[in-house]
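Undergrad:
Here is the structure:
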C-alpha cells in the first residue's frame, strides 16, 4: 500500500469518525443512534476481503473505544470479528446483485450489535443485554444498510480498487458466476 | 505453496488482532491501566474538541431551525405555560427566602454539609454519548476549569450525574439514567432510605430497597442521601415518584422515579466542586 493510499484510508476514517462523533451522536431514533464506526470494517471487508476488514475493524474499534465508557477494547474485538466475517462471506455465497452490499451491511451490523452486547455481558456488563437492545440493533442495522453503498464506494476509493481491477476481488466474483 | 500461504494469512492476522483486543480488554478490566487509558481517552477528547466545536457551530443552528419550525405550535403553548409557571415560582421564591435563611442558620449551627453551599462550575453540553450502551454527555470544560473525576453534576435543581472522564478542556458525565448508575436516596417526612438505579436513556429510574409498608407518595420528591462514602453530596433533588406499588409476593415496592432534570434536553449544567469523603 503506497503512502497515498494510506493517506486516503486515514482520511476516510477521520471523516467517518467526525460524522459519528459530531453529528450522529446527537441524532437519536427512539433513544438509539447509528454506528458508522461499525460500518467501516463492513465496507472494507466487503470491498477488500477478510484481512483488510479485520484490520479496519481493529483500528475503527479502538478509535470508537476512546469515546465511550463500555469496556475498553470491546469494540476493537467485535469490529475485528465483524470485518473478518464480512470479508469471508462476500462472494462465496452471494451473487452480484445491487442488493448484496446493503443486505450484507444490515445483517453484519445487527450481528455486530448483538455480539457487542453479548460479549459486554460476558465481561461483566450485564446491563448491556437489556438496554433497549432491540431498538439499537434495528436502528444501527437499517442506517448502516442505507449508507452501505456510498461507504463501500469510499472504501474502494481509499484502497484504489475499481470494480474491474483488484487482484483477488474480481476472481472471486467471476468464479461464483 | 504460495496459495496455502495466501489463504492462511488472513486467519493469522485475525488471530493476532483478536489476541491484541482480548489483551487490551483484560488489562483494562483488571484496572491496572485505568489511569493510562483515562489519560488516553482525555487526550482523544481534547484532540477532537476543536473539530467537534466547529461542526457543532455549523450543524446546531440548522438542527435548531428545523426543530423550531416543526414544533412551532407546541413551542407557543410551552411558552404560555412557562410564563404562568414563572409567575407562580416568583411568588414561591419570595415566600421561601425567610425559610431559607433560618434553614441556613440551622445548618451552620449543626455544622452539616449542604449541597447548595458547594461551589459550582457552569458548563455547556457539547455532545451526547456516541455509544448506544451508556447514557452520558460531554461538557465543554475540563480540568483547566477545575472539574475533576467524581464530581457531581446538576442542572437547575436536579441531579444529572457525575464526571467519569476529565481531560484538559472536556469532561464526560455519566447520567443517572445510565444502567450502571446507582444513587442513594432519601425521601418522605421520615427520611426513608433507598437506592435509585438507572434503566437507560429516556427511561425513568427504578428505586430499590423500599419495604412494602413504607408510604410512598406519588409525585413526592427524592433527594440524594449523602450517607457516609456516598458518591453524591446530601440534599440534591433527583426525581419525583412516577409510579409505586407492591408487586404480589414481593418484599419490596416497585417504584419508578422521573428525574427532576430534563436529561434529554440538557444545554447548561453546573459541576459541583465536591469530592466524596473517603
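Protein chains in written order, with our numbering: chain P, 156 to 332; chain D, 31 to 308.
Using N, Cα and C, we set each Cβ at its ideal position, and we do this for glycine too.
(1) Touch check for the segment 286 to 304 of chain P and the segment 186 to 202 of chain P: three-plus C-beta pairs under 8 Å?
(2) Inspect the CB distances between the segment 281 to 290 of chain D and the segment 173 to 181 of chain D and report whether three or more fall short of 8 Å.
(3) Mind reading off the beta-carbon distance from residue 241(D) to residue 282(D)? Whole number of angstroms is fine, and I expect it under 8 Å.
(4) Can you confirm whether residue 45(D), when its beta carbon is compared against all beta carbons of chain P, has any partner nearer than 7 Å?
(5) Is residue 270(P) close to chain D? Criterion is C-beta to C-beta, closer than 7 Å.
(6) Report the residues of the segment 59 to 72 of chain D with a CB closer than 8 Å to any CB of chain P, ordered along the chain.
(7) Just the C-alpha distance for residue 197(P) and residue 280(D), rounded to the nearest angstrom, thanks.
(8) Name the residue from 253(D), 222(D), 259(D) whose alpha carbon lies nearest to the alpha carbon of residue 243(D).
(9) Assign residue 165(D) to buried or exposed, taking buried as 16 or more other Cβ atoms, counted over all protein chains shown, within 10 Å of its Cβ.
(10) Closer than 7 Å, Cβ to any Cβ of chain D: which residues of the segment 160 to 184 of chain P, in chain order?
(11) With distance defined between alpha-carbon atoms, name the residue in 305(D), 306(D), 299(D) nearest to residue 157(D).
(12) By the criterion of Cβ-Cβ separation under 7 Å, what are the contact partners of residue 226(P) in chain D?
(13) Please check if any C-beta of chain D sits within less than 7 Å of the C-beta of residue 235(P).
(14) Mark residue 263(P) as exposed unless 16 or more other C-beta atoms lie within 10 angstroms of its C-beta, in which case mark it buried.
(15) Between which two residues does the alpha helix (DSSP H) containing residue 197(P) stretch?
(16) Sorted by chain position, which residues of the same chain lie with C-beta nearer than 6 Å to residue 208(D)'s C-beta, five sequence neighbours on each side aside?
(17) What do you reckon, are the CB atoms on residue 151(D) and residue 301(D) nearer than 7 Å?
(18) So, residue 294(P) versus residue 202(P), is the Cβ gap smaller than 7 Å?
(19) Check residue 292(P) in the structure and name its three-state DSSP category.
(20) With a threshold of 7 Å between beta-carbons, can residue 314(P) be considered close to chain D, or not?
TA: Put simply:
(1) These segments touch.
(2) They do not touch, by the three-pair rule.
(3) One-based indexing of the second chain puts residue 241(D) at position 211. One-based indexing of the second chain puts residue 282(D) at position 252. Confirmed, Cβ separation roughly 6 Å.
(4) Taking the second chain and counting its residues from 1, the one referred to as residue 45(D) is at position 15. Taking Cβ atoms only, chain P never reaches closer than 7 Å to residue 45(D), which makes this a no.
(5) Residue 270(P) sits at position 115 when you count from the first residue of the first chain. Chain D, which has no Cβ nearer than 7 Å to the Cβ of residue 270(P), makes this no.
(6) Against chain P - using a Cβ distance shorter than 8 Å - the residues of the segment 59 to 72 of chain D are 59, 67, 70, 71.
(7) In the first chain, the residue the question calls residue 197(P) occupies position 42. In the second chain, the residue the question calls residue 280(D) occupies position 250. About 47 Å.
(8) The residue labelled residue 243(D) in the question sits at position 213 within the second chain. Ranking 253(D), 222(D), 259(D) by Cα distance to residue 243(D) puts 222(D) first.
(9) Here residue 165(D) corresponds to residue number 135 of the second chain, with the count starting at 1. Flag for residue 165(D) reads buried.
(10) Residues of the segment 160 to 184 of chain P whose Cβ lies closer than 7 Å to any Cβ of chain D, in chain order: 173, 175, 176, 177, 178, 180, 181.
(11) As a working note, residue 157(D) is residue 127 in the second chain. Taking only the C-alpha atoms, the option nearest residue 157(D) is 299(D).
(12) For the purposes of this step, residue 226(P) is taken as the residue at position 71 of the first chain. Those are 55, 58, 59, listed as they occur along chain D.
(13) Position 80 of the first chain, counted from the start, is the residue given in the question as residue 235(P). Cβ-Cβ to chain D under 7 Å: yes for residue 235(P).
(14) Start at 1 with the first residue of the first chain, and residue 263(P) comes out as number 108. Buried is the label assigned to residue 263(P), since at least 16 other Cβ atoms lie within 10 Å of its Cβ.
(15) Taking the first chain and counting its residues from 1, the one referred to as residue 197(P) is at position 42. Note, residue 197(P): alpha helix (DSSP H), 191 to 203.
(16) For the purposes of this step, residue 208(D) is taken as residue 178 along the second chain, with counting starting at 1. These residues qualify, in order along the chain: 164, 165, 228.
(17) What you label residue 151(D) is simply residue 121 of the second chain in a count that begins at 1. What you label residue 301(D) is simply residue 271 of the second chain in a count that begins at 1. In this structure, residue 151(D) sits near residue 301(D), with a CB-CB distance shorter than 7 Å.
(18) As a first step, residue 294(P) must be located in the first chain, where it is residue number 139. As a first step, residue 202(P) must be located in the first chain, where it is residue number 47. It is not a contact, given that the beta carbons lie outside the stated cut-off.
(19) Taking the first residue of the first chain as position 1, residue 292(P) is located at position 137. Helix, per DSSP.
(20) Against the first chain, residue 314(P) aligns to sequence position 159. Answer no: the Cβ-Cβ gap between residue 314(P) and chain D never drops below 7 Å.
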